[in-house]
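In the numbering used here, the protein residues as written are 17 to 217.
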């Protein structure tokens with residue numbers, strides 16, 4: 017699939033997934049009789065289990081982030097120029113992301129640097145452990161001082177994907193989640209319905 021024209025590879029394998037075979041009175045697409053039939057997952061996921069793997073080439077990170085960040089920054093009158101991103105493994109459960117960018121605000125041209133360590137546990141909990149901002153430009157460095165309070169609120173913030181699934185009413189749980197770096201940035205793991213491994217009465 018593509019996100020903002022950047023290719024993202026996703027591989028999902030599912031086992032024991034209950035499905036519902038639906039047959040409509042009329043074809044969904046005129047002239048195509050088989051379009052009267054459709055298959056959808058059952059609301060009761062039963063003992064669904066599977067694996068997932070998603071990856072994106074590092075060279076595609078820059079155009080993806082640029083396409084997402086440019087519209088947001090332009091609302092504040094900031095033009096995003098050159099952008100360089102480095103992603104490296106940092107321990108068994110984390111990655112370190114460093115971004116170098118050039119920005120223009122009105123007549124001011126400056127460069128800035130941001131670095132963050134992101135921890136991803138096997139139970140799908142994402143935490144920002146370190147986050148620093150800096151610039152060689154004195155005006156930009158002074159402006160970044162005002163952002164420190166907001167930056168501090170991000171450090172240590174936990175995003176529990178399994179809790180998010182529960183809040184959305186999704187009966188799935190992620191486990192054995194791993195993040196890898198190399199030529200591609202990847203995330204992989206296993207998933208299952210919450211009934212797997214439980215005793216039914």
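Glycine included, each C-beta is placed from N, C-alpha and C at the ideal position.
No experiment lies behind these values; they were computed from the predicted model shown.
Taking all protein chains shown into account, do 16 or more other C-beta atoms lie within 10 angstroms of the C-beta of residue i, making it buried, or fewer, making it exposed?
i, result
"residue 19", "exposed"
"residue 218", "Given a span of 17 to 217 for the chain in the structure shown, any question on residue 218 remains unanswerable."
"residue 47", "exposed"
"residue 35", "exposed"
"residue 180", "exposed"
"residue 111", "buried"
"residue 25", "exposed"
"residue 51", "exposed"
"residue 117", "buried"
Pull up the DSSP beta-bridge partners for residue i, would you.
i, result
"residue 169", "The partner list for residue 169 (beta bridge, DSSP) is empty, contrary to what the question assumes."
"residue 127", "118"
"residue 81", "None, per the DSSP bridge assignment."
"residue 110", "135"
"residue 143", "135, 174"
Could you say which of the options lies nearest to residue i if we only look at CA atoms?
i, options, result
"residue 144", "209, 106, 116", "106"
"residue 270", "98, 37, 142", "Past the boundaries of the shown model lies residue 270; the chain is included only from 17 to 217, so the question cannot be answered."
"residue 103", "136, 196, 27", "196"
"residue 128", "109, 193, 150, 154", "150"
"residue 157", "146, 177, 130, 136", "130"
"residue 135", "147, 124, 101", "147"
"residue 191", "206, 177, 198, 200", "206"
"residue 81", "50, 59, 114", "114"
"residue 209", "59, 26, 17, 50", "59"
"residue 119", "79, 90, 109", "90"
"residue 167", "23, 132, 138, 155", "132"
"residue 124", "138, 155, 109", "155"
Considering only residues of the same chain and omitting the five flanking positions on each side of residue i, which have a CB-CB separation below 8 Å?
i, result
"residue 6", "With the chain covering only 17 through 217, there is no way to say anything about residue 6."
"residue 38", "53, 54, 55, 56"
"residue 171", "144, 145, 146, 147"
Taking 6 Å as the limit between beta carbons, can you name the residues of its chain near residue i, skipping five residues before and five after?
i, result
"residue 202", "71, 196"
"residue 29", "66, 67"
"residue 140", "177, 178, 190, 193"
"residue 142", "136, 175"
"residue 75", "none"
"residue 77", "101"
"residue 17", "24"
For residue i, which residues from the same chain have a beta carbon less than 7 Å from its beta carbon, with the 5 sequence-adjacent residues on both sides left out?
i, result
"residue 121", "93, 94"
"residue 199", "73, 74"
"residue 152", "127"
"residue 219", "Absent from the structure is residue 219, since the part of the chain shown begins at 17 and ends at 217."
Please tell me whether residue i has its Cβ less than 8 Å away from any Cβ of chain D.
i, result
"residue 114", "In summary, chain D is missing from the structure at hand, where a single protein chain is found."
Are three or more beta carbon pairs between the stretch 40-49 and the stretch 179-191 nearer than 8 Å? no
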